[in-house]
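S.K.:
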Amino acid sequence: MSSILKIYNRRKISFKKGKGSFLYSTSGKKYLDFVQGIAVNCLGHSNKHLIKKINNQSKKLWHVSNAFQIPEQEKLAKRLTQNSFADYVTFQNSGAEATEVAIKFARRYFYSKGKSKKNRIICLKGSFHGRTLATIYASGSKKATEGFSPKVDGFDHFSFGDHKSLEKIITKRTAAIMIETILGEGGIKVIPDFCLRHLRKLCNKKNILLILDEVQCGIGRTGKFFAFEHAKIKPDIVPIAKGIGGGFPLGACLVNKRVASGIPKGSHGSTFGGNPLAMSVGNAVLDIILKKKFQKKVQESSKYFHKNLNKLKDQYPNIIKEIRGMGLLIGIQLFEDNTKFIKKLFENKMLAIRAAENVVRILPPLNVNKKEIDLAMEILAKVCKNYK
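Here the sequence shown stands for residues 0 to 387, numbered as in numbering that gives the first Met the number 0.
1. When the Cα atoms are used, what is the spatial distance from residue 283 to residue 48?
2. Hey, which unbroken runs of the alpha helix (DSSP H) at 4 residues or more fall wholly within the stretch 132 to 190?
3. Quick check on this structure: which residue in 134, 295 and 118 has the alpha carbon closest to the alpha carbon of residue 124?
4. Would you call the stretch 151 to 171 and the stretch 113 to 127 in contact, with 3 or more CB pairs under 8 Å?
5. Relative to the C-alpha of residue 111, which candidate in 230, 173 and 260 has its C-alpha closest?
6. Could you give the residue range of the alpha helix (DSSP H) that holds residue 383?
7. Let's see if you can read the secondary structure: which residues bound the alpha helix (DSSP H) around residue 270?
8. So, does the stretch 324 to 342 touch the stretch 354 to 372, judging by three or more C-beta pairs under 8 Å?
9. Do you know offhand how far residue 116's Cα is from residue 9's?
10. In chain order, which alpha helix (DSSP H) runs of at least 4 residues are fully inside the stretch 212 to 280?
11. Residue 312 lies in the beta strand (DSSP E); which residues open and close that run?
12. With three or more C-beta pairs closer than 8 Å as the rule, is the stretch 20 to 39 touching the stretch 239 to 249?
13. Tell me, please, whether the CB atom of residue 213 is closer than 7 Å to any CB atom in chain B?
14. Please identify the residue among 4, 45, 341 and 1 whose C-alpha is closest to the C-alpha of residue 18.
15. Quick one: what does DSSP say residue 44 is sitting in, helix, strand or coil?
16. Helix, strand or coil, according to DSSP, for residue 355 in the structure here?
17. Do residue 11 and residue 23 have their C-beta atoms within less than 7 Å of each other?
18. State the beta-bridge partners of residue 89 as determined by DSSP.
19. Three-state secondary structure (DSSP) at residue 328?
20. Going by C-alpha to C-alpha distance, which of 350, 307 and 364 sits closest to residue 219?
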């Protein structure tokens, strides 16, 4: 009997090794992994550059307290700010922590300006910001919050696309609007560029901070370093994780000078956040992600994948309702049950994962090649053809 608490519905399979886009089970079977730890292994499994960098760092220094200067942390922070809207970065261990920091900083900023009651945050219903007490209530999901009362207050919600409802719930107490630039768990729903631009203008007009959660959609996933760059806007706060560590636990919260002005020393901290080992991996990821040719390749792969997926949709209109997403954050919305469809993919040696609204989430590594996309299309077509 397992001593692991049964909070996950696990498949009865385990893996002994991975290489690039593939995983190899303990029984020797090879699977096309288009889950990649849920958009975490942005450079696939066993990336040589990441292995080299983490091995080198592991022989020197793993962890020191943030009571001391950490050169590897300074380097990663500088690279993140030089390639984004941000002026400052604080490092965490996960996406939930990074989003918690975003919530704290938005409230602390207005507190520092003498507006302690300006502390409410508006979020989208059905979004996903993590599994801490604050982030589950930020997400506005009854299922996620069941059994965890009393309610963590301070969050108001509006529905996807309901701009009138959003503007109605803004009050003098509203400190920030926080949304995922692309909803991941919520069904791979892209916030249109014009909506993001409207949100930026609205926040400016109402003296509200704009928080864009890019834990899943950031770090090259859409063919740009951040997904919001497509809309040509600058947010105030952005939590990130997943891809920045390439498989190693790493999160961060990026802020501009305005927000940073309200965050004094001692107002936040992390024991493990920003340790030299994590920073070495983050820097190794950026060595590859920040190359201009790399982002162009992601865009090309994405265009090729989406084109073929839409052809498949046209071929099987009774099974596939819509192809969603941007870049290599892809959702296939089905008329049929997505759990059953994913099981059939699994039987054909392809791994995918569920999302809301009956969506199958496809998350290949960013360095996926055309041959691997073709293999995915072969499996998807086979499942559609034989679907019963």
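The beta carbon of each residue, even a glycine, is placed where N, CA and C say it ideally should be. As the structure is a prediction and not an experimental result, all values here were calculated from the model.
M.R.: A quick look at the data gives this:
1. Walking along the sequence shown from the start, residue 283 turns up at place 284. Walking along the sequence shown from the start, residue 48 turns up at place 49. Approximately 7 Å between the Cα atoms of the pair.
2. 132 to 138, 141 to 144 and 162 to 168
3. Here residue 124 corresponds to residue number 125 of the sequence shown, with the count starting at 1. That would be 134, whose Cα lies nearest to the Cα of residue 124.
4. yes
5. As a working note, residue 111 is residue 112 in the sequence shown. With distances taken between Cα atoms, residue 111 lies closest to 260.
6. Residue 383 sits at position 384 when you count from the first residue of the sequence shown. 369 to 384 is the span of the alpha helix (DSSP H), which, as asked, contains residue 383.
7. In the sequence shown, residue 270 corresponds to position 271, counting from 1. Residue 270 -> no alpha helix (DSSP H), and no H or E assigned at all.
8. yes
9. Mapped onto the sequence shown, residue 116 falls at position 117. Mapped onto the sequence shown, residue 9 falls at position 10. About 44 Å.
10. 256 to 259
11. On the sequence shown, residue 312 is found 313 positions in, with the first residue counted as 1. No beta strand (DSSP E) contains residue 312, which is instead part of the alpha helix (DSSP H) from 291 to 314.
12. yes
13. Although the question refers to chain B, the structure presented lacks it and comprises just one protein chain.
14. To locate residue 18, count along the sequence shown from 1; it is residue 19. Nearest option by C-alpha distance: 45.
15. Working through the sequence shown from its first residue, we reach residue 44 at position 45. DSSP places residue 44 in strand when its eight states are reduced to three.
16. In the sequence shown, residue 355 corresponds to position 356, counting from 1. Note: residue 355 maps to coil in three-state DSSP.
17. Your numbering for residue 11 matches position 12 in the sequence shown. Your numbering for residue 23 matches position 24 in the sequence shown. Cβ distance not < 7 Å, so residue 11 and residue 23 don't count as in contact.
18. Within the sequence shown, the letter at position 90 stands for residue 89. BP columns for residue 89 point to 252.
19. As a first step, residue 328 must be located in the sequence shown, where it is residue number 329. Correct three-state label for residue 328: strand.
20. As a working mapping, residue 219 is identified with position 220 in the sequence shown. Of the candidates 350, 307 and 364, the one whose C-alpha sits nearest the C-alpha of residue 219 is 364.
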